[in-house]
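Novice: Each position in the sequence shown, counted from 1, maps to that position plus 333 in this note's numbering.
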Amino acid sequence: MSEDTKLGSIPLLSSQGEIKHFDHGVHMLQSWANICIIETDEGMVLFDVGFEFNGPGIVEEVRAITDKPVRYIIYGHGHADHAFGARAVIKDAEERGHPPPIIVAHKNVPRRFDRYQEMFPYHEHINRIQFGIPEEMPAFVRNYIYPDLTYQEAMSFRLGNTTFELRHSKGETDDATWMWIPERKTVCVSDLWVWSCPNIGNPFKVQRYEVEWAQGPEAVAASSPELLLPGHGPALSGADEIRDACHTVARALRFLNDQVVAMLNRGKWQEEILQGFEWPEKFAKSPYLAPIYGHPYFIVQAILRRYHGWFDGNASHLFPSPSREIAGEVLSLVGDPEKVLNRARTLAKDDQTQLALHIVDFVIDSGAEPRTEALDLKAQLLGNLAEQEKSLIARNIFLGGVRQIKKILGEQGD
Ligand SMILES: [Zn+2]
């Protein structure tokens, strides 16, 4: 992710982090994902613990602050970059003769962990593409530490002089928790609020929930926090900015939801909705909704998937012929595949790279020659799209396409 975005100044697979200290014993280790460290007079509470490789860094930062035991670890949700760094903290407690920390999470976190293990090869495959992880590195989590304690809607506990209120909110995941600390006017929100357009409709992932996601930040704002520690990126401070940040995200999600629902009610099909939805300037320009990870187009896809099946309105597409046969028919009409490739090059020169890709695909899908030339052109076009693309997910999909082509060409001995 480029340096100019607030979300990703620290790379995904780096164990580096930067500790930020706030008032009243609140600290945040800002790595790819954030780890919140809250001090009380009877011990520490950690909210989110990063990847497994973040664990030693967390222990180091906690021990630079205090010798007190870590009493609780809260998983903000069960994603790989938030709920896997507890092992080093548990080991540190053992070595110091402290009681083991109690790990708390929403009741759907264990179910997620079960699913991850059941579908490990699949998750490794899709996450390798989504995050552009090289083949020689592991691309998904292997070691699970299940929560000791789970809850359904809300739960609170006190530690020393401080109250911790855990609340469930369904958004990016069905297992999300945000934590309100009233005495410190601080809220830890995990991925319910990050410096990006919400990651709903991720091209690889299960259904996510736009209206429920909107309700989360609205509830957060209603608590009037003065410090918000997000799942990624720098903290937000000041009641006004936090309210604005939360409501902007919620309003955008409700706006997209209302639009898609209205268009479905008017009998519109997917293509028309995806090509025709509005994303007003005030959202497009908001730093709280930058399309650097999630993307409004992905959100519309998710809303469609939520309310509608997969039929796209064209009866020809119900039981389609294989792409190879369709492309073969078109190419035999055109006669010369070079003509098709030349047209794609012209379109690309006219800044119509996406359209050019569809045209090149006729040659590739049909299996016609010059195959290598067609694949080379496609790789070049995908590379151009990747260069202009702000969304990390979309960019990695384009680059994944380039890698795939290079692999094919390599296998052919080119
Ligand atoms: Zn995250």
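Backbone N, C-alpha and C define an ideal beta-carbon position, used for all residues, glycine too.
#1: Examine ligand 1 and report whether any of its heavy atoms sits within less than 7 Å of the Cβ of G564.
#2: Compute the distance between the beta-carbons of R657 and D683, then report whether it is under 8 Å.
#3: Per DSSP, which residues does H354 bridge with? Please list them.
#4: Please state if the CB of V378 and the CB of R404 are separated by a distance shorter than 8 Å.
#5: Which stretch, first to last residue, makes up the alpha helix (DSSP H) that contains G734?
#6: Taking N675 as part of the beta strand (DSSP E), name the residues at either end of that continuous run.
#7: Can you tell me where the beta strand (DSSP E) with F490 in it begins and where it stops?
#8: Going by beta-carbon coordinates alone, are V359 and I407 separated by less than 8 Å?
#9: Indicate the three-state DSSP secondary structure (helix, strand or coil) for M512 in the structure shown.
#10: Is it true that the CB of V520 sits closer than 8 Å to the CB of V553?
#11: Quick one, are the C-beta atoms of E706 and L664 less than 8 Å apart?
#12: Under 8 Å, do Q560 and V522 count as touching if we go by C-beta distance?
#13: If you reduce the DSSP assignment to three classes, tell me which class H641 lands in.
#14: Can you say whether Y640 is buried or exposed, counting buried as having 16 or more other CB atoms within 10 angstroms of its CB?
#15: Classify D508: buried if its beta carbon has 16 or more other beta carbons within 10 angstroms, exposed otherwise.
#16: Note down, in chain order, each residue of its chain lying with its Cβ closer than 6 Å to the Cβ of T338, except the 5 sequence neighbours on either side.
#17: Mapping DSSP to helix, strand and coil, what is Y449?
#18: Check whether the Cβ atoms of P550 and L569 sit closer than 8 Å, and answer yes or no.
#19: Can you check whether the CB of L710 is closer than 8 Å to the CB of A660?
#20: Can the beta-carbon of I371 be found less than 8 Å from the beta-carbon of I466?
#21: Which value, in whole angstroms, describes the spacing of the CA atoms of K401 and H580?
#22: Who are the near neighbours of G733 in its chain, counting only those whose CB is closer than 6 Å to its CB and skipping five residues on each side?
#23: Can you give me the Cβ contacts of P567 inside the same chain, cut-off strictly under 8 Å, excluding the 5 residues immediately before and after it?
#24: Quick one: Cα of I730 to Cα of H357, how far?
#25: Buried or exposed: where does H565 fall if 16 or more other Cβ atoms within 10 Å of its Cβ makes it buried?
#26: Secondary structure at G383, three-state DSSP: helix, strand or coil?
#27: Please classify Q687: is it buried, with 16 or more other beta-carbons within 10 angstroms of its beta-carbon, or exposed?
#28: If I follow the unbroken beta strand (DSSP E) through I501, where does it start and stop?
#29: Apart from the five residues on each side of it in sequence, which residues of its chain come closer than 7 Å, Cβ to Cβ, to H782?
#30: I'd like the list of long-range same chain contacts for I738, defined as Cβ closer than 7 Å, with 5 residues on each side in sequence excluded.
#31: In whole angstroms, what is the alpha-carbon distance linking L607 and Y630?
#32: Taking all protein chains shown into account, do 16 or more other C-beta atoms lie within 10 angstroms of the C-beta of M452, making it buried, or fewer, making it exposed?
#33: Let me check understanding here. Comparing Cα to Cα, which of C369, H412, S502, E385 lies closest to M488?
#34: Buried or exposed for N387, going by 16 or more other Cβ atoms inside 10 Å?
#35: Is Q485 closer than 8 Å to K518 when the C-beta atoms are compared?
Specialist: Let's see:
#1: Position 231 of the sequence shown holds residue 564. Yes; taking the cut-off as 7 Å, the Cβ of G564 has a heavy atom of ligand 1 nearer than that.
#2: Looking up residue 657 in the sequence shown gives position 324. Looking up residue 683 in the sequence shown gives position 350. No, the Cβ-Cβ distance between R657 and D683 is not below 8 Å.
#3: As a first step, residue 354 must be located in the sequence shown, where it is residue number 21. H360.
#4: As a first step, residue 404 must be located in the sequence shown, where it is residue number 71. As a first step, residue 378 must be located in the sequence shown, where it is residue number 45. Going by C-beta atoms, R404 is nearer than 8 Å to V378.
#5: Along the sequence shown, one-based indexing puts residue 734 at 401. 725-744 is the extent of the alpha helix (DSSP H) around G734.
#6: Translated into positions along the sequence shown, residue 675 becomes position 342. That residue, N675, is in no beta strand (DSSP E); its alpha helix (DSSP H) goes 670-682.
#7: Residue numbering aside, residue 490 sits at position 157 when the sequence shown is read from its first letter. 487-492 is the extent of the beta strand (DSSP E) around F490.
#8: The sequence position of residue 359 within the sequence shown is 26, counting from 1. The sequence position of residue 407 within the sequence shown is 74, counting from 1. No; because the gap between Cβ atoms is not below 8 Å, this pair is not in contact.
#9: Position 179 of the sequence shown, counted from the start, is the residue given in the question as residue 512. M512 falls in the strand class under three-state DSSP.
#10: As a first step, residue 553 must be located in the sequence shown, where it is residue number 220. As a first step, residue 520 must be located in the sequence shown, where it is residue number 187. With contacts defined by Cβ atoms closer than 8 Å, V553 and V520 form a contacting pair.
#11: As a first step, residue 706 must be located in the sequence shown, where it is residue number 373. As a first step, residue 664 must be located in the sequence shown, where it is residue number 331. Cβ distance not < 8 Å, so E706 and L664 don't count as in contact.
#12: The residue given as residue 560 occupies position 227 in the sequence shown. The residue given as residue 522 occupies position 189 in the sequence shown. Checking the sequence, you will find Leu at residue 560 rather than Gln. For L560 and V522, no; Cβs fall outside 8 Å.
#13: In the sequence shown, the residue the question calls residue 641 occupies position 308. The answer is coil: DSSP assigns H641 none of H, G, I, E or B.
#14: Taking the sequence shown and counting its residues from 1, the one referred to as residue 640 is at position 307. By the neighbour-count rule (16 or more Cβ atoms within 10 Å), Y640 is not buried but exposed.
#15: Here residue 508 refers to the residue found at position 175 when the sequence shown is read from its first residue. Looking at its Cβ environment, which holds 16 or more other Cβ atoms inside 10 Å, D508 is buried.
#16: As a first step, residue 338 is located in the sequence shown; it is residue number 5 there, counting from the start. With a pLDDT of only 48 at T338, under the threshold of 50, the placement of this residue in the model should not be trusted, and no figure is reported.
#17: The residue you call residue 449 lines up with position 116 of the sequence shown. Y449 falls in the helix class under three-state DSSP.
#18: Walking along the sequence shown from the start, residue 550 turns up at place 217. Walking along the sequence shown from the start, residue 569 turns up at place 236. Going by C-beta atoms, P550 is not nearer than 8 Å to L569.
#19: For this step, residue 660 is matched to residue 327 along the sequence shown. For this step, residue 710 is matched to residue 377 along the sequence shown. It is not a contact, given that the beta carbons lie outside the stated cut-off.
#20: Counted from its first residue, the sequence shown places residue 371 at position 38. Counted from its first residue, the sequence shown places residue 466 at position 133. No. Outside cutoff.
#21: Mapped onto the sequence shown, residue 401 falls at position 68. Mapped onto the sequence shown, residue 580 falls at position 247. Rounded to the nearest angstrom, the two C-alpha atoms are 37 Å apart.
#22: On the sequence shown, residue 733 is found 400 positions in, with the first residue counted as 1. Cβ within range, chain order: I462.
#23: Taking the first residue of the sequence shown as position 1, residue 567 is located at position 234. Cβ neighbours of P567 beyond the five flanking positions: K339, K353, Q363, W528.
#24: Here residue 730 refers to the residue found at position 397 when the sequence shown is read from its first residue. Here residue 357 refers to the residue found at position 24 when the sequence shown is read from its first residue. Each residue's alpha carbon lies about 43 Å from the other.
#25: Your numbering for residue 565 matches position 232 in the sequence shown. Classification for H565: buried.
#26: Taking the sequence shown and counting its residues from 1, the one referred to as residue 383 is at position 50. Residue state, collapsed to three classes: strand.
#27: Residue 687 sits at position 354 when you count from the first residue of the sequence shown. Exposed, since its Cβ has fewer than 16 Cβ neighbours within 10 Å.
#28: The residue you call residue 501 lines up with position 168 of the sequence shown. Here the sequence assigns His to residue 501, which means Ile is not the residue at that position. 495-501 is the extent of the beta strand (DSSP E) around H501.
#29: What the structure shows of the chain is the stretch from 334 to 747, and residue 782 is not part of that stretch, so it cannot be assessed.
#30: Counted from its first residue, the sequence shown places residue 738 at position 405. Cβ within range, chain order: L708, K711, A712.
#31: In the sequence shown, residue 607 corresponds to position 274, counting from 1. In the sequence shown, residue 630 corresponds to position 297, counting from 1. Rounded to whole angstroms, L607 to Y630 spans 7 Å at the Cα level.
#32: If you number the sequence shown from 1, residue 452 lands on position 119. M452 should be labelled exposed.
#33: Looking up residue 488 in the sequence shown gives position 155. Ranking the options by Cα distance to M488, first place goes to S502.
#34: For the purposes of this step, residue 387 is taken as the residue at position 54 of the sequence shown. Classification of N387: buried, given that the 10 Å Cβ count is 16 or more.
#35: Working through the sequence shown from its first residue, we reach residue 518 at position 185. Working through the sequence shown from its first residue, we reach residue 485 at position 152. No. Outside cutoff.
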